[in-house]
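Numbering (the numbering used here), first residue to last: 1 to 466.
The C-beta atom is built at its ideal place from N, Cα and C for all residues, glycine as well.
Remember, it's a predicted structure, so these values are computed and weren't measured experimentally.
Below is one structure; the comments refer to it alone.
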């Protein structure tokens with residue numbers, strides 16, 4: 001089986017242009033995925049009021065709690081495929097592809113079952129306001145019907161990105177995103193549905209995206225081609241994926257728990273604060289999802305260069321990603337603060353919601369680049385094969401410190417300002433830890449390279465002697 005000929009070798013040539021060209025389609029894809037939720041919130045906020053807006057927004061942290069553990073496993077897929085591709089091992093790439101499709105489907109079904117069974121008791125435990133909880137439960141139950149499709153799509157997109165193809169996943173989301181928006185408007189304005197309408201629109205769009213990407217893999221040439229009769233779990237590849245992906249999944253899970261606790265604190269201020277936090281958080285996510293594109297680039301570029309043993313290029317990847325993080329924060333973050341009022345007015349006409357949303361935005365965007373550092377640098381470490389240390393850094397710097405903040409500072413000063421300040425504080429602490437982890441991992445890789453060269457020299461001397 002020949003290695004894929006029409007993909008991109010990221011272990012040769014100038015890096016800056018390649019990283020930007022690789023990241024831009026992922027950024028666009030992330031934007032489109034975010035627009036699924038944004039379209040839901042804008043349509044319900046403008047056409048059905050702030051109560052429905054709060055109902056949809058109140059589900060975000062809980063959905064992430066249930067979903068993100070399995071999405072962390074997709075990191076393992078990206079790293080394993082990228083390293084095998086960089087090392088020119090087509091059979092290993094193929095086994096990873098078929099294993100990935102199976103585990104994403106099974107994981108999706110499991111997550112769907114958990115979401116359907118536990119969404120109401122969990123929303124109740126979070127203190128979701130009484131005037132929105134029934135709508136929140138309705139939205140979540142329909143939304144989780146689409147989780148299997150979402151899981152398969154995201155794992156499959158990770159396969160394509162690992163071999164340098166970040167464009168086709170974006171194209172499929174363009175199609176499904178347009179369908180999502182059109183269905184939102186149809187269900188709300190024509191059929192006069194509420195949160196159930198936007199939930200069904202999202203679910204249908206997710207299955208469309210899944211179908212398109214599976215057809216893409218089926219029609220692909222070379223090692224990433226999906227062959228139905230070869231769908232089976234390869235034990236070796238599964239263990240490799242779990243070794244790298246499990247720590248990322250645990251990190252996502254515990255990080256989501258801390259966000260659920262913060263959402264519970266937001267809920268304590270009432271549905272107006274929930275609506276404001278939901279709308280502003282959705283806008284802020286456009287900055288975060290842009291930086292997430294650099295995270296995917298860091299994993300793929302580092303993984304391929306590790307496989308090709310081009311270790312010094314990893315340092316340049318880190319420098320370029322850091323520059324892109326700061327540039328994105330300055331441009332997008334500054335624009336969000338500057339245009340916060342008109343942006344929030346897209347979601348709602350409620351002045352109280354807009355004012356509270358502006359307050360949150362100013363706090364969040366103050367040092368948002370630290371969130372980018374915290375998110376992107378683990379991609380560099382995981383691409384080198386180090387997954388546990390980035391998990392520990394995030395758990396201590398972000399999750400644990402966020403919980404400590406809630407039970408100390410916020411308990412003493414229970415105001416929205418003190419609640420939201422917990423984000424930049426914990427981003428900074430976790431970001432510092434992730435940079436330290438990267439330098440530690442890089443030193444280990446440098447020592448490995450020295451040992452490899454020494455071993456090769458010994459072999460040459462022995463051959464010359466004999």
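Is residue i near residue j, with beta carbons less than 8 Å apart?
{"i": "residue 338", "j": "residue 358", "result": "no"}
{"i": "residue 244", "j": "residue 104", "result": "no"}
{"i": "residue 51", "j": "residue 101", "result": "no"}
{"i": "residue 383", "j": "residue 429", "result": "no"}
{"i": "residue 422", "j": "residue 406", "result": "yes"}
{"i": "residue 163", "j": "residue 63", "result": "no"}
{"i": "residue 416", "j": "residue 269", "result": "yes"}
{"i": "residue 241", "j": "residue 80", "result": "yes"}
{"i": "residue 484", "j": "residue 201", "result": "Nothing about residue 484 can be reported from this structure: the residues present for the chain run from 1 to 466 only."}
{"i": "residue 307", "j": "residue 457", "result": "no"}
{"i": "residue 176", "j": "residue 55", "result": "no"}
{"i": "residue 255", "j": "residue 408", "result": "no"}
{"i": "residue 389", "j": "residue 440", "result": "yes"}
{"i": "residue 197", "j": "residue 148", "result": "no"}
{"i": "residue 361", "j": "residue 340", "result": "yes"}
{"i": "residue 277", "j": "residue 402", "result": "no"}
{"i": "residue 260", "j": "residue 267", "result": "no"}
For residue i, which residues in the same chain have their Cβ closer than 8 Å to its Cβ, ignoring the five residues on either side in sequence?
{"i": "residue 450", "result": "none"}
{"i": "residue 334", "result": "365"}
{"i": "residue 232", "result": "98, 99 and 102"}
{"i": "residue 1", "result": "Bear in mind that the predicted position of residue 1 carries a pLDDT of just 34, short of 50, making it unreliable; the figure below should be weighed with that in mind. Closer than 8 Å at the Cβ level, and outside the excluded window around residue 1, lie 90, 91, 94, 222 and 223."}
Any heavy atom of the ligand ATP closer than 7 Å to the beta-carbon of residue i?
{"i": "residue 449", "result": "Of ligands this structure carries none, so the ligand ATP is not represented either."}
Give the range of the alpha helix (DSSP H) segment to which residue i is assigned.
{"i": "residue 396", "result": "Run containing residue 396: none; DSSP gives neither H nor E here."}
{"i": "residue 489", "result": "Lying before the first or after the last residue shown, residue 489 is absent from the chain, which here runs from 1 to 466."}
{"i": "residue 173", "result": "168-185"}
{"i": "residue 197", "result": "195-219"}
{"i": "residue 310", "result": "Here residue 310 belongs to no alpha helix (DSSP H), and DSSP marks it neither H nor E."}
{"i": "residue 98", "result": "90-125"}
{"i": "residue 153", "result": "147-162"}
{"i": "residue 405", "result": "401-407"}
{"i": "residue 370", "result": "369-383"}
{"i": "residue 345", "result": "340-347"}
{"i": "residue 137", "result": "133-143"}
{"i": "residue 352", "result": "351-365"}
Between the options, which has its C-alpha nearest residue i's C-alpha?
{"i": "residue 496", "options": "140, 20 and 43", "result": "A query on residue 496 cannot be resolved here, the shown segment of the chain reaching from 1 to 466 and no further."}
{"i": "residue 16", "options": "317, 436, 379 and 89", "result": "317"}
{"i": "residue 262", "options": "426, 453 and 146", "result": "426"}
{"i": "residue 113", "options": "78, 146 and 428", "result": "146"}
{"i": "residue 155", "options": "228, 98 and 110", "result": "98"}
{"i": "residue 328", "options": "312, 301 and 284", "result": "284"}
{"i": "residue 385", "options": "448, 447, 402 and 303", "result": "303"}
{"i": "residue 363", "options": "246, 179, 336 and 148", "result": "336"}
{"i": "residue 119", "options": "271, 256, 108 and 133", "result": "133"}
{"i": "residue 373", "options": "341, 289, 348 and 414", "result": "289"}
{"i": "residue 150", "options": "191, 371, 106 and 117", "result": "106"}
{"i": "residue 331", "options": "239, 291, 309 and 445", "result": "291"}
{"i": "residue 371", "options": "161, 215 and 287", "result": "287"}
{"i": "residue 159", "options": "76, 24 and 414", "result": "76"}
{"i": "residue 315", "options": "251, 350 and 445", "result": "445"}
{"i": "residue 438", "options": "227, 321, 412 and 453", "result": "321"}
For residue i, which residues from the same chain have a beta carbon less than 6 Å from its beta carbon, with the 5 sequence-adjacent residues on both sides left out?
{"i": "residue 199", "result": "139, 142 and 143"}
{"i": "residue 295", "result": "375, 376 and 379"}
{"i": "residue 6", "result": "Model confidence at residue 6 stands at a pLDDT of 43, short of 50, so the residue's coordinates are unreliable; what they give is reported in the following sentence. Excluding residues within five positions, none has a Cβ falling inside 6 Å."}
{"i": "residue 447", "result": "none"}
{"i": "residue 313", "result": "305"}
{"i": "residue 96", "result": "80, 81 and 237"}
{"i": "residue 265", "result": "419"}
{"i": "residue 279", "result": "344, 347 and 357"}
{"i": "residue 455", "result": "none"}
{"i": "residue 367", "result": "424"}
Give me, in chain order, the residues of the same chain whose beta-carbon lies closer than 7 Å to that of residue i; leave out the 5 immediate sequence neighbours on both sides.
{"i": "residue 346", "result": "42"}
{"i": "residue 4", "result": "Low confidence applies to residue 4: its pLDDT is 38, below 50, so where it sits in the model is not reliable, and the reading given next is rough at best. Counting only Cβ-Cβ distances below 7 Å, and skipping sequence neighbours, we find 163, 221, 222, 223 and 224."}
{"i": "residue 352", "result": "272"}
{"i": "residue 131", "result": "51 and 271"}
{"i": "residue 203", "result": "142, 143, 145 and 146"}
{"i": "residue 252", "result": "68, 69, 71 and 72"}
Closest Cβ-Cβ distance between residue i and chain B: below 8 Å?
{"i": "residue 383", "result": "This model lacks chain B altogether; it includes just one protein chain."}
Does the pairing of the region 170-187 with the region 125-136 give three or more beta-carbon distances under 8 Å? no
Three or more beta-carbon pairs under 8 Å between the region 198-212 and the region 70-87, yes or no? no
Counting Cβ pairs, one atom from each stretch, are 3 or more of them under 8 Å apart for the region 20-32 and the region 165-172? yes
Does the region 425-440 come close enough to the region 286-301 to have 3 or more Cβ pairs within less than 8 Å? no
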